[in-house]
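Here the working numbering runs 1 ahead of the position in the sequence shown, where the first position is 1. For glycine and all other residues, C-beta sits at the position ideal for the given N, C-alpha and C. Values in this document were obtained by computation on a predicted structure and should not be read as measured data. Here the structure is laid out as structure tokens; the discussion comes afterwards.
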Amino acid sequence: MARRPGAPAAYGEEFSFVSPLVKYLLFFFNMLFWVISMVLVSVGVYARLMKHAEAALACLAVDPAILLIVVGVLMFLLTFCGCIGSLRENICLLQTFSLCLTIVFLLQLAAGILGFVFSDKARGKVSEIINNAIVHYRNDLDLQNLIDFGQKEFSCCGGISYKDWSLNMYFNCSEDNPSRERCSVPYSCCLPTPNQAVINTMCGQGMQAVDYLEASKVIYTNGCIDRLVNWIHSNLFLLGGVALGLAIPQLVGILLSQILMNQIKDQIKLQLYNQQHRADPWY
């Protein structure tokens, strides 16, 4: 039968604008990060449950386990929308996924730009976080291990200087402090000893009570903030590669979701057109 003039070309009943490649590529892309999110949440919850309740509540704001749980839950919800949206060809879920991923990408970009432009304020915020972590050093084993790793890795001690450890109640250098670790610093501040079979955890004993030159013979005296800044300046290409590695999956997810949404919309238009003109004798 002749086709009505001006009508679009006819498509078979089995034709679909939705590409299986785009659909399932987006699905498996989200599935991968969905599994990663569940691993993060599981590790974070396990770490929290293994801690003493009072200690866990005391350092809630600086607990690495909480960070894992928060990031994992947000990633779980986001990738869930992407998985179900792509599998069920749901425009609403795909729009939610694309919008949230765009917001996350823009927030990361804004944080990087603001951190570069307002480097002094960013430095102050980092200093505040480090000082808060020092205060709760003995309250959380995970936090303690993280700080020890950072100090050994960057060859530093404290935030600005080794005397920042006086902020901790155990290492406080005041005369009325009854702690056996009074005026000390953690062992991770100590200079490495070649061929040392057993770690001397008391090597930082009384180091806050001595002057800079004498302390520098035994421990790292430079603060971790300066070391961190110097490391960033020396590894800009590495950090740029990491940032690019984080940005590419987000951009790929946004692009695939937008392509799939446009294909679904075209398919809906085709179905509506076929329904409206199925009874048309000129169709």
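When DSSP builds the beta bridges, which residues end up paired with residue i?
i	result
Cys191	Ile220
Ser162	Asn223
Could you tell me the distance, in whole angstroms, from the CA atom of residue i to the CA atom of residue j?
i	j	result
Phe150	Asn31	33 Å
Leu102	Ile260	15 Å
Gly183	Ala48	Just to set this straight, residue 183 is Arg in the shown sequence, not Gly. The straight-line gap from Cα to Cα measures roughly 30 Å.
Phe172	Leu33	45 Å
Leu78	Ser17	29 Å
Asn236	Val230	10 Å
Val118	Asn201	43 Å
Val127	Gln268	51 Å
Ile85	Ile220	54 Å
Gln206	Leu26	58 Å
Val40	Trp166	34 Å
Ala56	Asp143	Any reading at Ala56 must be qualified, since the residue scores a pLDDT of 48, below 50, and its modelled position is unreliable; the value itself is stated next. Roughly 11 Å between the two C-alpha positions.
Leu68	Gln209	32 Å
Val19	Gly83	16 Å
Leu240	Tyr274	51 Å
Val44	Asp141	16 Å
Ser175	Gln152	24 Å
Gly242	Glu129	28 Å
His234	Gly113	14 Å
Gly116	Gln277	56 Å
Ala66	Asn178	31 Å
Leu271	Leu22	20 Å
Ala59	Arg181	Residue confidence for Ala59 is low, a pLDDT of 45 falling below 50, so the modelled location carries little weight; the figure read from the coordinates is stated next. Their Cα atoms are separated by approximately 22 Å.
Beta-carbon within less than 8 Å of residue i's beta-carbon, same chain only, minus the 5 sequence neighbours each way: which residues are those?
i	result
Met262	Ile92, Leu95, Gln96, Ser99
Arg124	Ile226, Val230
Ile135	Ile148, Gly159, Gly160, Asp165, Trp166, Leu168, Asn169
Val74	Ser38, Val42
Ser300	As displayed, the chain neither begins before 2 nor continues past 284, which places residue 300 out of reach and without an answer.
Ile255	Ser99, Leu102, Thr103, Phe106
Trp232	Phe155
Among the options, whose alpha-carbon lies nearest the alpha-carbon of residue i?
i	options	result
Ala111	Val36, Asn275, Leu257, Ala244	Ala244
Phe28	Leu88, Leu69, Pro250	Leu88
Gly246	Gln109, Val44, Ile67	Gln109
Glu90	Gln272, Gln264, Lys164	Gln264
Val46	Tyr25, Ile70, Ser38	Ile70
Val76	Lys218, Ile85, Val36	Checking the displayed sequence, the identity of residue 76 turns out to be Met instead of Val. Comparing Cα positions, the closest option is Val36.
Ser154	Asp121, Ile104, Arg228	According to the sequence displayed, residue 154 carries Glu and not Ser. Of Asp121, Ile104, Arg228, the residue nearest in Cα terms is Arg228.
Cys157	Gly116, Ser120, Gly224, Ala216	Gly224
Ser189	Pro195, Met203, Arg181, Leu22	Met203
Lys24	Leu257, Pro195, Lys270, Gln272	Leu257
Val211	Pro195, Val186, Leu50, Lys266	Val186
Take residue i and list the residues in its own chain whose beta-carbon comes closer than 6 Å to its own, dropping the five residues that flank it on each side.
i	result
Gln145	Tyr138
Cys191	Cys204, Gly205, Ile220
Between residue i and the rest of its own chain, which residues show a CB-CB distance below 7 Å, the 5 nearest in sequence each way excluded?
i	result
Gln251	Leu102, Val105, Phe106
Ala216	Tyr163, Met208, Thr222
Lys218	none
Tyr213	Thr222
Does chain C have any CB closer than 9 Å to the CB of residue i?
i	result
Cys84	Given the protein chain composition of this structure (a single chain), no chain C is represented.
Would you mind listing the alpha helix (DSSP H) stretches within the stretch 99-164 that are 4+ residues and don't spill past its ends, in chain order? 120-136, 142-155
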